[in-house]
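Visitor: Got a structure for you, questions after.
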């Protein structure tokens, strides 16, 4: 923790002594209020608490006309640590603009799997809603450490591509447990400034499916937290498709993912997720919105494990400025857990203040 | 009745000219960009961060008007078809994604001109009546 603060201090010193425009430092953070009512519990069904969210230091600098650096350092609540907070390097990358709109990027990035992971990162002030889609907790490999080839705004349809080769889902930021790199291929088009339509394919080979690495974003289904995990090898395929439209009045985002895992033990498992967001802007600063968030993990999946969840949300976002907003959501969720073959249902109410500076 | 309609139409045309900004009201300026003229669509694309490098391999450095500048809202409407807040939001998001380097915000036409003059690759926009050496002016075709 002290080491992390030292790194942040050095960056701030560097910023104060550098030319204003060569180093740009921004900060982002959020705080929540959460209310949860478990409809299946008869005793103590209600939780109500405030939450201090992630706080994010974002650094952008360029060394010359072609080479730039981007870093994102986050401090978040972490159970089990002495101070209950831990720091992490979420992004640290060097970018080389080698030809027109084509770049090579090296370092830790957000895997360009879909629109949300490519656009929103850790700054909640940019999120159209309070939380990420459920698929981010179970299917989407959030980060990758490796090499990225990127092109953007090419041609009439503003075609963009990303090809990433890097450490896999079970890797850390310092090592990987097998020779096979994780590979991502993604492309998108932007027919107008408000539209973005894209798709991607991600593949990784895990030699031990029980290992989930640092910052993979991956969790196993709640019913398997205490169970024995499958320790054999596993092939992980993820196909994603995004449609995003953010205009003056209407906002629409659909994220679909199809995940196939394969093991010699149980063969192919087919998993799906779909997240749909719609918002309608009233008088510039007011956006009521609705969300349908679905996740379905197959019974024979040996990585995430069988889990079905549906979340429905109604929300409202008020934008005080481009760097401060408040969101409120009320929702209903229903989960099916494999181990107990039981379902849980809950009602949630959340409020979030998200800010940047 | 017809006379009143004619007067009303003339009034509306006059006010739209008075309050609606066009590229003819502004000068686009650049430094060591390798271009002497651009279309309106190309100008907008450069200000929206769609190009990383000029043809001469200089990095594109976008210069915008800050909220202190009297031109902020008019330029936002002209280039981005949104408010100045919308422009800041657009650029914040683009920079946060890592898809563009941050623009520079200046408080006046004079500041924009001063910054462009000292920064190779910079592109800015100032009022047409603001005095500017012709070597920095990019013609709009």
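Chains as they are written, first to last, in the working numbering: chain V, 286 to 642; chain X, 805 to 945.
Where a beta carbon is used, it is the ideal one built from N, C-alpha and C, also for glycine.
Give me the chain X residues within the contact set of residue 309 of chain V, using Cβ-Cβ distance strictly less than 8 Å, ordered along the chain.
Guide: Here the neighbours are 899, 906.
Visitor: If you run the structure through DSSP and keep just helix, strand and coil, what is residue 919 of chain X?
Guide: helix
Visitor: Rounding to the nearest angstrom, what Cα-Cα distance links residue 314 of chain V and residue 341 of chain V in this structure?
Guide: 6 Å
Visitor: Does residue 886 of chain X come within less than 9 Å of chain V when only Cβ atoms are used?
Guide: yes
Visitor: Is residue 382 of chain V near residue 849 of chain X, with beta carbons less than 9 Å apart?
Guide: no
Visitor: For residue 925 of chain X, which residues in chain V fall below 8 Å Cβ to Cβ?
Guide: 350
Visitor: Using the beta-carbon count (16 or more within 10 Å), is residue 928 of chain X buried or exposed?
Guide: buried
Visitor: Need the endpoints of the alpha helix (DSSP H) that residue 893 of chain X sits in, please.
Guide: 888 to 901
Visitor: Reducing DSSP to helix, strand and coil, say where residue 825 of chain X ends up.
Guide: Residue 825 of chain X: coil per DSSP, three-state reduction.
Visitor: If we ignore side chains and look at the alpha-carbon of each, how far apart do residue 420 of chain V and residue 583 of chain V end up?
Guide: 14 Å
Visitor: Could you name the residues of the same chain whose beta carbon sits closer than 6 Å to that of residue 601 of chain V, not counting the 5 residues immediately before and after it, in chain order?
Guide: 573, 613
Visitor: Does residue 817 of chain X come within less than 9 Å of chain V when only Cβ atoms are used?
Guide: Confidence is the limiting factor: at residue 817 of chain X the pLDDT is only 47, short of 50, which leaves the residue's position unreliable, though a coordinate-based value still follows. Not one chain V Cβ lies under 9 Å of residue 817 of chain X.
Visitor: Is it the case that the region 585 to 598 of chain V contacts the region 399 to 413 of chain V, given that we only count it when at least three CB pairs across the two stretches are under 8 Å?
Guide: no
Visitor: Kindly indicate which three-state DSSP category residue 341 of chain V falls into: helix, strand or coil?
Guide: Strand, per DSSP.
Visitor: Near residue 525 of chain V, which residues of its chain fall below 6 Å by C-beta distance, leaving aside the five closest residues on each side in sequence?
Guide: 398, 399, 485, 542
Visitor: According to the Cβ coordinates, are residue 395 of chain V and residue 376 of chain V closer than 9 Å?
Guide: Inclusion of residue 395 of chain V and residue 376 of chain V in the CB contact set at 9 Å is warranted, their separation being smaller than that value.
Visitor: The region 854 to 874 of chain X: which residues have C-beta closer than 9 Å to a C-beta of chain V, in chain order?
Guide: 854, 855, 856, 857, 859, 861, 862, 863, 865
Visitor: Helix, strand or coil for residue 847 of chain X? Go by DSSP, reduced to three states.
Guide: Correct three-state label for residue 847 of chain X: helix.
Visitor: Tell me whether residue 871 of chain X sits in a helix, a strand or coil according to DSSP, three-state version.
Guide: coil
Visitor: When the Cα of residue 262 of chain V is compared with those of V/608, V/579, V/482, V/495, which residue comes out closest?
Guide: As shown, chain V starts at 286 and ends at 642. That puts residue 262 of chain V outside it, with no answer to give.
Visitor: Would you grab the beta carbon distance between residue 868 of chain X and residue 891 of chain X for me? Rounded to a whole angstrom, and I think it's under 8 Å.
Guide: 7 Å
Visitor: Of the choices X/933, X/887, X/902, X/866, whose alpha-carbon is the least far from that of residue 919 of chain X?
Guide: X/866
Visitor: What number of angstroms, rounded off, separates the C-alpha of residue 291 of chain V from the C-alpha of residue 880 of chain X?
Guide: Note on residue 291 of chain V: pLDDT 43, under 50, position unreliable in the model; the coordinate value appears next. Distance between the alpha carbons of residue 291 of chain V and residue 880 of chain X: 40 Å.
Visitor: Taking a cut of 9 Å between CB atoms, which residues from the region 607 to 623 of chain V lie near chain X?
Guide: 607, 608
Visitor: When the Cα of residue 934 of chain X is compared with those of X/861, X/895, X/875, which residue comes out closest?
Guide: X/875
Visitor: Starting from residue 943 of chain X, follow its DSSP beta bridges and name the residues at the other end.
Guide: Note: residue 943 of chain X sits in a beta bridge opposite X/841.
Visitor: Give me, in chain order, the residues of the same chain whose beta-carbon lies closer than 6 Å to that of residue 352 of chain V; leave out the 5 immediate sequence neighbours on both sides.
Guide: Within the same chain, residue 352 of chain V has close Cβ partners 381.
Visitor: Here's the rule I'm using: 16 or more other beta-carbon atoms within 10 Å means buried, otherwise exposed. How should residue 888 of chain X be labelled?
Guide: It counts as buried.
Visitor: Between residue 489 of chain V and the rest of its own chain, which residues show a CB-CB distance below 6 Å, the 5 nearest in sequence each way excluded?
Guide: Apart from the 5 residues on each side of it in sequence, residue 489 of chain V sits with its Cβ closer than 6 Å to the Cβ of 453, 454, 467, 521 in its chain, given in chain order.
Visitor: Below 7 Å between beta carbons is the criterion; list the residues of the region 398 to 427 of chain V that meet it against any residue of chain X, in chain order.
Guide: Under the 7 Å Cβ criterion, the region 398 to 427 of chain V contributes 403, 404, 406, 408, 411.
Visitor: Count the other C-beta atoms from every protein chain shown that fall within 10 angstroms of the C-beta of residue 298 of chain V, then say buried if there are 16 or more, exposed otherwise.
Guide: Below a pLDDT of 50, predicted positions are generally treated as unreliable, and residue 298 of chain V, at 42, falls in that range; the measurement from the model is reported next regardless. Exposed.
Visitor: For the alpha helix (DSSP H) containing residue 878 of chain X, name the first residue and the last one.
Guide: 876 to 879
Visitor: Quick one: does residue 896 of chain X have its CB under 9 Å from some CB of chain V?
Guide: yes
Visitor: For residue 332 of chain V and residue 852 of chain X, what's the separation of their Cα atoms in angstroms?
Guide: 45 Å
Visitor: So for residue 411 of chain V, helix, strand or coil by DSSP?
Guide: helix
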